[in-house]
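Q:
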Amino acid sequence: MQLIHSLFEHSPIIALFVCVALGFAIGKIRIGQLQLGGIPGTLFAAILIGQIGVEVNEGVKTIAFALFIYSLGYVSGPQFFSSLGRSTLNQVHLSVFTSLVVFVTVWSVAQIFDLDKGTAAGLLAGATTESASVGTASETLLHLGLAPEESEAMNANIGVAYAVTYFFGFTLVVFFVSTIAPRLLGIDLKAAAKEFEKELGNVGDELAPGQEPAVRDVVARAYRVTKEEAAGCSLAALESRIPGSISVQGVVRRGRLLDTAPERTLAIGDRLLLFGKVDALLSVGEFIGEETAYAHGLALVGETREVVLTNRDFVGETISAARAKISPEQLRSVYLSKLTRSGQLIEMRPNTRLQAGDVLTIYGTSEGVESATKLIGYAIDRGIAVDYIYLALGIIAGILLGMVSVDIAGSPVSLHTGGGCLLSGLVFGWLRSRHPTFGSLPEATALHLRDFGLAMFIASIGLATGPQAVTLLMEKGILLPLLAIIVVLIPLITSMYYARYVLKMNPVVICGALAGLLTCTAGLNATVQQAESETPVLGYTVPYAIANVLLTLLGPVIVLTA
331 MQLIHSLFEH SPIIALFVCV ALGFAIGKIR IGQLQLGGIP GTLFAAILIG QIGVEVNEGV
391 KTIAFALFIY SLGYVSGPQF FSSLGRSTLN QVHLSVFTSL VVFVTVWSVA QIFDLDKGTA
451 AGLLAGATTE SASVGTASET LLHLGLAPEE SEAMNANIGV AYAVTYFFGF TLVVFFVSTI
511 APRLLGIDLK AAAKEFEKEL GNVGDELAPG QEPAVRDVVA RAYRVTKEEA AGCSLAALES
571 RIPGSISVQG VVRRGRLLDT APERTLAIGD RLLLFGKVDA LLSVGEFIGE ETAYAHGLAL
631 VGETREVVLT NRDFVGETIS AARAKISPEQ LRSVYLSKLT RSGQLIEMRP NTRLQAGDVL
691 TIYGTSEGVE SATKLIGYAI DRGIAVDYIY LALGIIAGIL LGMVSVDIAG SPVSLHTGGG
751 CLLSGLVFGW LRSRHPTFGS LPEATALHLR DFGLAMFIAS IGLATGPQAV TLLMEKGILL
811 PLLAIIVVLI PLITSMYYAR YVLKMNPVVI CGALAGLLTC TAGLNATVQQ AESETPVLGY
871 TVPYAIANVL LTLLGPVIVL TA
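Taken in order, the sequence shown gives residues 331 to 892; the numbers are from my numbering.
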């Protein structure tokens with residue numbers, strides 16, 4: 331033990347990485363269907379290792395926190411701003427309402443049970459599973475002008491309260507949104523999801539999450555004209571037999587490649603290259619003649635591309651309505667194969683509404699995909715290049731913004747590094763989504779920065795918290811889990827009935843929204859599994875994006891008011 335203490339004392343950075351390694355190993359442990367996750371695991375490991383006494387440089391903690399909070403804002407920015415529209419007004423309304431209920435609940439509990447500012451902030455972060463508020467609350471505490479010992483003790487209480495309450499908050503949210511909420515709403519979640527799917531429109535055979543068709547729905551096939559009824563038929567008339575489902579990509583006559591002008595007519599012996607949906611090709615193929623091997627000159631390159639929706643003409647429209655706005659020529663040779671929102675897969679049904687920032691995966695010919703991209707928005711660049719100038723300027727802007735203070739009731743109030751970098755991240759991420767020609771920060775890189783920064787910051791908090799952890803656990807170890815249950819249940823139950831009877835939201839959407847309101851992706855996954863449908867995702871993405879911001883900002887508010 332003395333050897334380990336000497337090693338960590340000589341190089342605290344080693345202690346940080348040991349905490350991260352152990353923490354993420356702990357986070358992978360499953361208890362039934364539940365998995366704690368790497369961040370809470372890191373905090374547990376850090377508190378344990380912190381018992382031997384490890385001091386981490388304050389600068390390391392500040393850099394880690396700045397990277398984390400900026401990346402959080404950057405990733406959330408496009409969805410956060412795009413959610414502020416008419417089509418999602420109810421979900422925005424619900425998100426703000428829930429955050430107010432969370433604040434009132436935590437503040438009331440703190441007053442009734444005489445919790446100090448640090449414990450109250452840790453309770454907020456743990457019960458709502460919003461790890462970011464640990465950082466914003468901790469930073470605010472340091473600027474309150476408290477005595478060093480008092481400030482240190484309260485900061486330690488943030489970490490311990492978070493560590494103790496996170497598991498209870500996490501578990502209760504998962505169980506409530508997937509099991510209790512449907513019963514309180516008086517629905518069979520699986521049956522209600524199927525009914526909601528009918529309202530959204532049919533999409534054919536349903537697949538379980540993670541499954542995809544073994545045979546591609548959109549293909550290219552070659553046919554020879556052998557039937558007299560097809561001879562003399564124009565290409566335009568051929569394509570119009572099943573509108574929007576096939577396109578003629580090539581015509582070969584006596585070994586010579588012809589153009590595919592709409593008015594061109596077919597002749598016996600012509601070979602055609604058709605591109606489109608399999609069932610449509612089979613139907614048209616019966617009209618044409620026989621399927622054949624590709625002829626010389628009949629070559630086609632297919633392309634898959636992810637495109638971000640920015641065209642306001644389609645935002646808020648259903649998929650079927652958006653499709654009706656596009657001319658058949660613009661839809662030629664391109665098909666929508668997948669729709670994702672904030673990283674969550676959305677079922678593509680005729681009445682599914684599109685939102686700004688949705689990622690549409692399209693497949694078709696290179697020309698068709700290029701044309702559709704210009705119509706929809708912009709293509710996602712999956713390159714690995716990072717614009718470090720833009721990244722650095724964003725963090726600098728956040729730190730400078732956090733330095734600005736305003737006198738309120740005679741006291742200086744500022745956003746500090748946490749609030750400043752969060753807001754700058756939101757704005758810089760949104761600007762990048764609107765103008766994708768600059769500021770490249772691939773989503774995977776941003777997510778790694780977010781998770782790594784948070785892990786290092788949480789490890790720093792835990793190592794500093796270690797010596798005081800036992801004291802708080804002795805004082806409030808039994809009370810904290812009970813308070814976590816209160817802080818979870820009151821906002822969830824209140825928001826559930828508010829959404830149902832005031833906002834008139836669909837019960838299936840409400841169950842997904844409840845998971846987003848307390849930033850619990852595991853809760854959404856459990857709800858989707860119970861429903862055997864992806865429809866709860868429609869209620870999750872907007873509340874999740876907004877709650878991530880509001881709950882993070884609630885950390886300082888609790889510290890200032892509790």
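Heads up, the beta-carbon is just placed ideally off N, CA and C, and yes, glycines get one too. Since we're looking at a predicted model, the values are computed, not measured.
Would you check if the segment 868 to 888 and the segment 405 to 412 touch, i.e. whether three or more CB-CB distances between them fall below 8 Å?
A: yes
Q: Return the residue from the list 891, 832, 728, 863 that minimises the CA-CA distance to residue 427.
A: In the sequence shown, residue 427 corresponds to position 97, counting from 1. Nearest of 891, 832, 728, 863 to residue 427, Cα basis: 832.
Q: Could you compute how far the alpha carbon of residue 365 sits from the alpha carbon of residue 353?
A: For this step, residue 365 is matched to residue 35 along the sequence shown. For this step, residue 353 is matched to residue 23 along the sequence shown. Their backbone Cα atoms lie some 12 Å apart in a straight line.
Q: With the cut-off set at 8 Å, would you say residue 582 and residue 628 are in Cβ contact?
A: Mapped onto the sequence shown, residue 582 falls at position 252. Mapped onto the sequence shown, residue 628 falls at position 298. The Cβ atoms of residue 582 and residue 628 sit closer than 8 Å to each other.
Q: Specify the secondary structure class of residue 668 as computed by DSSP and reduced to three states.
A: The residue labelled residue 668 in the question sits at position 338 within the sequence shown. Reduced to three states, the DSSP call for residue 668 is strand.
Q: Can you list, in chain order, the residues of its chain with a C-beta nearer than 7 Å to that of residue 276? Leave out the 5 residues immediately preceding and following it.
A: The displayed coordinates of the chain run from 331 to 892. Any statement about residue 276 would go beyond what the structure contains.
Q: Which residue wins for smallest C-alpha separation from residue 347, given the options 789, 828, 464?
A: Position 17 of the sequence shown, counted from the first residue, corresponds to residue 347. Of the listed residues, the one whose Cα sits closest to residue 347 is 789.
Q: According to DSSP, simplified to helix, strand and coil, what is residue 843?
A: To locate residue 843, count along the sequence shown from 1; it is residue 513. DSSP places residue 843 in helix when its eight states are reduced to three.
Q: Taking three-plus beta-carbon pairs below 8 Å as touching, is the segment 714 to 721 in contact with the segment 645 to 664?
A: no
Q: Per DSSP, what kind of secondary structure is residue 798 in: helix, strand or coil?
A: To locate residue 798, count along the sequence shown from 1; it is residue 468. The answer is helix: DSSP assigns residue 798 an H, G or I state.
Q: Determine the closest residue to residue 806 out of 733, 774, 494, with distance taken between C-alpha atoms.
A: In the sequence shown, counting from the first residue as 1, residue 806 sits at position 476. Nearest C-alpha to residue 806: 494.
Q: Between the segment 724 to 735 and the segment 747 to 759, can you find at least three pairs of beta-carbon atoms closer than 8 Å?
A: yes
Q: Considering only C-alpha positions, which residue in the set 869, 861, 860, 864 is nearest to residue 846?
A: Taking the sequence shown and counting its residues from 1, the one referred to as residue 846 is at position 516. Taking only the C-alpha atoms, the option nearest residue 846 is 869.
Q: Measuring only between beta-carbons, confirm whether residue 582 sits less than 8 Å from chain B.
A: Within the model displayed, chain B is absent; a lone protein chain is all it includes.
Q: Closest to residue 429 by C-alpha separation, out of 891, 848, 889, 856, would be which residue?
A: As a working note, residue 429 is residue 99 in the sequence shown. Minimum Cα distance to residue 429 is reached at 848.
Q: Whose C-beta lies closer than 6 Å to the C-beta of residue 575 among residues of the same chain, with five residues either side of it excluded?
A: For the purposes of this step, residue 575 is taken as the residue at position 245 of the sequence shown. Excluding residues within five positions, the ones whose Cβ falls inside 6 Å are 606, 607, 610.
Q: How long is the line joining the alpha carbons of residue 540 and residue 377, rounded to whole angstroms?
A: By 1-based counting over the sequence shown, the position of residue 540 is 210. By 1-based counting over the sequence shown, the position of residue 377 is 47. Because residue 540 sits at a pLDDT of 49, beneath the cut-off of 50, its placement in the model cannot be relied upon, and the point is left open.
Q: Apply the 10 Å Cβ neighbour rule to residue 391 and answer buried if 16 or more other Cβ atoms are within range, or exposed otherwise.
A: By 1-based counting over the sequence shown, the position of residue 391 is 61. It is buried - the Cβ of residue 391 has at least 16 other Cβ atoms within 10 Å.
Q: Measure the alpha-carbon distance for residue 500 versus residue 459 and round it to whole angstroms.
A: Within the sequence shown, the letter at position 170 stands for residue 500. Within the sequence shown, the letter at position 129 stands for residue 459. Looking at the two C-alpha atoms, the distance is approximately 6 Å.
Q: On the DSSP bridge list, what partners appear for residue 737?
A: Numbered from 1 along the sequence shown, position 407 holds the residue referred to as residue 737. Looking at the DSSP assignment, residue 737 forms a beta bridge with 742.
Q: For the segment 509 to 529 and the segment 820 to 830, state whether three or more C-beta atom pairs, one from each stretch, are separated by less than 8 Å.
A: The segment 509 to 529 makes contact with the segment 820 to 830, as at least three CB pairs between them are under 8 Å.
Q: Given residue 449, which residues of its chain have a CB within under 6 Å of its CB, disregarding the five upstream and five downstream residues?
A: Residue numbering aside, residue 449 sits at position 119 when the sequence shown is read from its first letter. Correct list, in chain order: 487, 491.
Q: Figure out for me which residue from 454, 400, 656, 383 has the closest Cα to the Cα of residue 887.
A: The sequence position of residue 887 within the sequence shown is 557, counting from 1. Out of 454, 400, 656, 383, 454 has the C-alpha closest to the C-alpha of residue 887.
Q: For a test of the three-state rule: what should DSSP assign to residue 694, helix, strand or coil?
A: Position 364 of the sequence shown holds residue 694. Strand, per DSSP.
Q: Taking only the alpha-carbon atoms, compute the straight-line gap between residue 891 and residue 437 and give it to the nearest angstrom.
A: For the purposes of this step, residue 891 is taken as residue 561 along the sequence shown, with counting starting at 1. For the purposes of this step, residue 437 is taken as residue 107 along the sequence shown, with counting starting at 1. If you take the alpha carbons of residue 891 and residue 437, they lie about 8 Å apart.
Q: From residue 357 to residue 502, what does the alpha carbon distance come to, in whole angstroms?
A: Residue numbering aside, residue 357 sits at position 27 when the sequence shown is read from its first letter. Residue numbering aside, residue 502 sits at position 172 when the sequence shown is read from its first letter. Their Cα atoms are separated by approximately 17 Å.
Q: Which partner residues of residue 605 appear in the DSSP bridge assignment?
A: Here residue 605 refers to the residue found at position 275 when the sequence shown is read from its first residue. Looking at the DSSP assignment, residue 605 forms a beta bridge with 550, 577.
Q: With which residues is residue 361 paired in a DSSP beta bridge?
A: The count along the sequence shown starts at 1 and reaches residue 361 at position 31. The partner list for residue 361 (beta bridge, DSSP) reads 364.
Q: Going along the chain, which residues of its own chain have a beta-carbon closer than 6 Å to the beta-carbon of residue 820, five neighbours each way excluded?
A: Locating residue 820 in the sequence shown gives position 490, where the first residue counts as 1. Around residue 820: 435.
Q: Helix, strand or coil for residue 631? Go by DSSP, reduced to three states.
A: Start at 1 with the first residue of the sequence shown, and residue 631 comes out as number 301. Note: residue 631 maps to coil in three-state DSSP.
Q: Output needed for residue 507: all residues of its chain with C-beta closer than 6 Å, excluding positions within five of it in sequence on either side, in chain order.
A: Here residue 507 is taken as the residue at index 177 of the sequence shown, counted from 1. Only 841, 844, 845, 853, 857 meet the Cβ criterion.
Q: Under the three-state reduction of DSSP, which class applies to residue 708: helix, strand or coil?
A: What you label residue 708 is simply residue 378 of the sequence shown in a count that begins at 1. It is a strand residue.
Q: Start and end of the beta strand (DSSP E) containing residue 619?
A: Position 289 of the sequence shown, counted from the start, is the residue given in the question as residue 619. Residues 619 to 622.
Q: Confirm, please, whether the CB-CB distance from residue 556 to residue 620 is below 8 Å.
A: By 1-based counting over the sequence shown, the position of residue 620 is 290. By 1-based counting over the sequence shown, the position of residue 556 is 226. Closer than 8 Å, so yes.
Q: In angstroms, rounded to a whole number, what distance separates the CA positions of residue 511 and residue 745?
A: Sequence index remark: in the sequence shown, residue 511 carries index 181 (1-based). Sequence index remark: in the sequence shown, residue 745 carries index 415 (1-based). Their backbone Cα atoms lie some 36 Å apart in a straight line.
Q: How far does the beta strand (DSSP E) with residue 675 in it reach, from first residue to last?
A: Here the question's residue 675 lines up with position 345 in the sequence shown. Element bounds for residue 675: 674 to 676.
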